[in-house]
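Sequential numbering of the sequence shown, starting at 2, is according to this note's numbering. Every residue gets a Cβ at the ideal spot worked out from N, C-alpha and C, and that includes glycine. Notes for the one structure printed next.
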Amino acid sequence: MQSRTAGAAPRPADCELTVNGRSYIRGQCQFDADADGSFRINGTDYFAYVNVTAPGVAEASWNADPASTHAHNPLGELRRQGACWVGANVRICARALSPEALRTAQAAQPNGFALWPITPGLTACIGPQGALAAGTRMVLRNCRVPADLLVQRAPDGALTLSGNLCLGVEAPGMGRPAELIAEPCAPSSPRWTTQATATEEAIVRSSAGMCLTIPAMARPETPFPYTVNVAPCAATATKFILSRG
Numbered sequence: 002m003q004s005r006t007a008g009a010a011p012r013p014a015d016c017e018l019t020v021n022g023r024s025y026i027r028g029q030c031q032f033d034a035d036a037d038g039s040f041r042i043n044g045t046d047y048f049a050y051v052n053v054t055a056p057g058v059a060e061a062s063w064n065a066d067p068a069s070t071h072a073h074n075p076l077g078e079l080r081r082q083g084a085c086w087v088g089a090n091v092r093i094c095a096r097a098l099s100p101e102a103l104r105t106a107q108a109a110q111p112n113g114f115a116l117w118p119i120t121p122g123l124t125a126c127i128g129p130q131g132a133l134a135a136g137t138r139m140v141l142r143n144c145r146v147p148a149d150l151l152v153q154r155a156p157d158g159a160l161t162l163s164g165n166l167c168l169g170v171e172a173p174g175m176g177r178p179a180e181l182i183a184e185p186c187a188p189s190s191p192r193w194t195t196q197a198t199a200t201e202e203a204i205v206r207s208s209a210g211m212c213l214t215i216p217a218m219a220r221p222e223t224p225f226p227y228t229v230n231v232a233p234c235a236a237t238a239t240k241f242i243l244s245r246g
């Protein structure tokens, strides 16, 4: 997904991303914009950027493949047409929802946070590989806001997941490192904490002295999703911010 930028908070919008006659986003998506009018739309698997270069003129790009970690595929020059930006074989639109529809959409969104590693040119967060349930692997992938706002921070600082689940550890065996999963919360579950905020990055540490680490981030050619490993805390522990996007 797109790089982390200091724009307006993402909000639901009525979006369209059509490339070469095929619709990749049509309907509600997440939209966020910068002061200069540049904006991003993010659907379930696809996302696109529109970067304004002059009044009514922009350059666009998109991820083209759900496994892609960046919007490196150019869509060329676009011209503004109302709520849409149109170019050769591409149409990108973002229309505001009605106040009632916006309130309904926002009320239905998860009310938690996501863990985002800070990497230039990449916005991804930890989310479930499939439906969130006990035993589901938690992986790094293109973030699906608001669906991935699943992390809750208790008053005592402990991190949990929506659905009465907690962060857990599964050892795959065969000499492979332990992986992060969702598990039912229990008194014996490790207590996970972080000093991370929306503006300050920090490691995520368990009461057992283990930290989250994502080795694949050092190999940007690796397609998503990335495995989130659990290993003894060291200099290689991945740092995250904890925010709503």
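Sorting Phe40, Pro233, Ser207 and Asn52 by C-alpha distance to the C-alpha of Leu160 places Ser207 at the top.
Val152 is a Cβ neighbour of Leu243, given a cutoff of 8 Å. Short of 6 Å from the beta carbon of Ala197, and not among the five residues preceding or following it, lie these beta carbons of its own chain, in chain order: Ala203, Phe241, Ile242 and Leu243. The beta carbons of Glu184 and Ala217 sit no closer together than 8 Å. Within a 10 Å sphere around the beta-carbon of His71 sit 16 or more other beta-carbons, which makes this residue buried. DSSP, read as helix, strand or coil, puts Pro100 in helix. For Arg41, the number of other beta carbons within 10 angstroms of its own is at least 16, and it is reported as buried. C-alpha of Gly176 to C-alpha of Pro191: approximately 22 Å in a straight line. Gln130 and Ala14 have their C-alpha atoms roughly 25 Å apart. The Cβ atoms of Thr19 and Arg92 sit closer than 8 Å to each other.
For Cys30, same chain residues with a beta-carbon under 7 Å away, outside a window of 5 residues either side, are Ala14, Cys16, Ile42, Asn43 and Gly44 in chain order. Taken through DSSP and simplified to helix, strand or coil, Thr239 comes out as coil. Within its own chain, the residues whose Cβ lies closer than 6 Å to the Cβ of Thr214, once the five positions on either side in sequence are excluded, are Asn230, Ala232, Thr237, Ala238 and Thr239, listed in chain order. In terms of Cβ geometry, Asn52 and Asn64 do not form a close pair [threshold 8 Å]. Boundaries of the beta strand (DSSP E) harbouring Ser62: Val58 to Trp63, taken from the DSSP string.
Between Leu166 and Thr228, the alpha-carbon positions lie close to 19 Å from each other. Between Ile26 and Tyr47, the C-beta gap is smaller than 8 Å, which places the two residues in contact. Boundaries cannot be given for Ile119, as no beta strand (DSSP E) includes it and DSSP labels it neither H nor E. Between the alpha carbons of Glu78 and Pro56 lies a gap of roughly 13 Å.
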